[in-house]
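Numbering (this note's numbering), first residue to last: 12 to 382. We put the CB at the ideal spot given by N, CA and C, even for glycine. Just so we're clear, the structure is a prediction, and the values are computed from it rather than from any experiment.
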Amino acid sequence: MRRHNPVIIWIAMLTAVAGATATTIDDFEGYSDTAALQGAWTLTVGAGGRSLETTVVDAGSKSMRLDPTFNLQFFAVYRFDLPAPEDWSAATSVSLRYRGQSGNTAHDLTFQIIGGDGPVITETTATNATLATTWQTLTLPLSGQSGLTNVAFLQLAMFSFDQLATPVLYIDEITRNEPTPSADLSLSAGTGLSVSEDGATDSISVSLASQPTHDVTISPVYAGTELLISPAFRTITPAGWQTSATFTVSAINDNDIEGDHSAAVSFQSASTDAAYNNLITTNLTVNITDNDVLVQPEFTSIIYNDALGAWLSPVMTYDNQQYWLEGASDPELTNWTVYAGPFPGFNGNANLYISQSPAWLSLRIRTGPLP
């Protein structure tokens, strides 16, 4: 019966590969000598050495050499404990590089992931791994694998019924692979912002979904008649990509009687990283509290004593208001007509045209919605 047991490695370096982010578990570059490597890699079953290799390497300047012997037991198991159990549920695979050397007898290499409570979560085997004389990749698929929320350590195991066998195997570049998030911009204020012409401000932050390869400049896009957003732009660097760009939003204090109203703002990116160039967020609503108040006139009296068909201008000059005639009196003439226009939505002066020629005319003019 063939038995397999595994090896482990931990890494804190992120590198970008096509469509994925690779987290280095162990590339062996950080060990100063064999003693340091042996402190990280434990021989838990069987016999055989493990040492720091500086001649046969795949990348960098160091790898790990395994020299299992099978004279005591039929297999050798090397283990590396993670600093603490890790959630690997987002990972798509774990891979390592391996090779043997000329003169080796044939032996398999089994690579396992072990949970915090001890069970083997999943494993894969490279058949006759020790016969490879060039570097090969052993990949353990993880997509859809259950139990990855509590990964505690990795194991490398070799098995043989030949107790005289002394194969040599080199290990390098153990990595965990995860999908690279798509380039995207996200806003901190999902339900909108509120500012006031009296001076109350609000703020909003823009975040990147993934690490860019070059600086990303974020700029607000908005009409400058209602809002002021500062600064005019912010730059997010690749090293600081997890730090959001924050902007201050304020209202322009105009003299227009608008009532409470709103304006829209979005944010656009610019970068030599093509994935982050010319991205734009959806519009975000900014609610603006107006501080201008309309003084309602009760009435306006007009004394008219000119020729028929004359214009009286102006009667009122309240912007963006609707005017209408509530009543009029003419003690001398009983038949007269007053035309007011334009009224609804008119921004400017309200002019009255009188088709009769009374000695005087008194009008009451209201503002607000038409009755």
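- Three or more pairs of CB atoms, one per stretch, sit closer than 8 Å, so the region 160–176 contacts the region 76–87.
- A direct Cα-to-Cα measurement between A275 and V217 gives close to 16 Å.
- With contacts defined as CB atoms closer than 8 Å, R245 and Y181 fail to qualify as a contacting pair.
- Residue pairing from DSSP places V276 in a beta bridge opposite Y233, L295.
- In the displayed model, N302 falls within coil according to three-state DSSP, outside both helix and strand.
- Here A51 carries a helix assignment [DSSP, helix/strand/coil].
- Counting only residues of its own chain and dropping the five nearest sequence neighbours on each side, Q147 has a CB closer than 8 Å to the CB of R108, Y109, R110, A137, A140.
- Counting only runs of at least 3 residues, the region 46–113 fully encloses the following beta strand (DSSP E) elements, listed from N- to C-terminal order: 53–56, 58–64, 74–80, 86–97, 104–110.
- Using a Cβ distance threshold of 8 Å, D38 and E184 count as a contacting pair.
- Setting aside the 5 residues that flank it on each side, D271 is surrounded in the same chain by T300, D301, each with a C-beta closer than 6 Å to its C-beta; the list follows chain order.
- Per DSSP, reduced to three states, the secondary structure at Y42 is coil, with no helix or strand assignment.
- Residue state for T141 is assigned as helix, using DSSP reduced to three classes.
- In the DSSP assignment, V260 falls within the beta strand (DSSP E) that extends over 256–262.
- For a cut-off of 8 Å, the C-beta gap from S214 to V260 is around 7 Å, short enough to register as a contact.
- Cβ neighbours of T293 within its own chain (closer than 7 Å, five residues either side excluded): S277.
- Per DSSP, the beta-bridge partners of N188 are A33, S104.
- Going by DSSP, D284 is part of no beta strand (DSSP E) at all; its letter is neither H nor E.
- Approximately 18 Å separates the beta-carbon atoms of R90 and T35; this is outside 8 Å, ruling out the contact.
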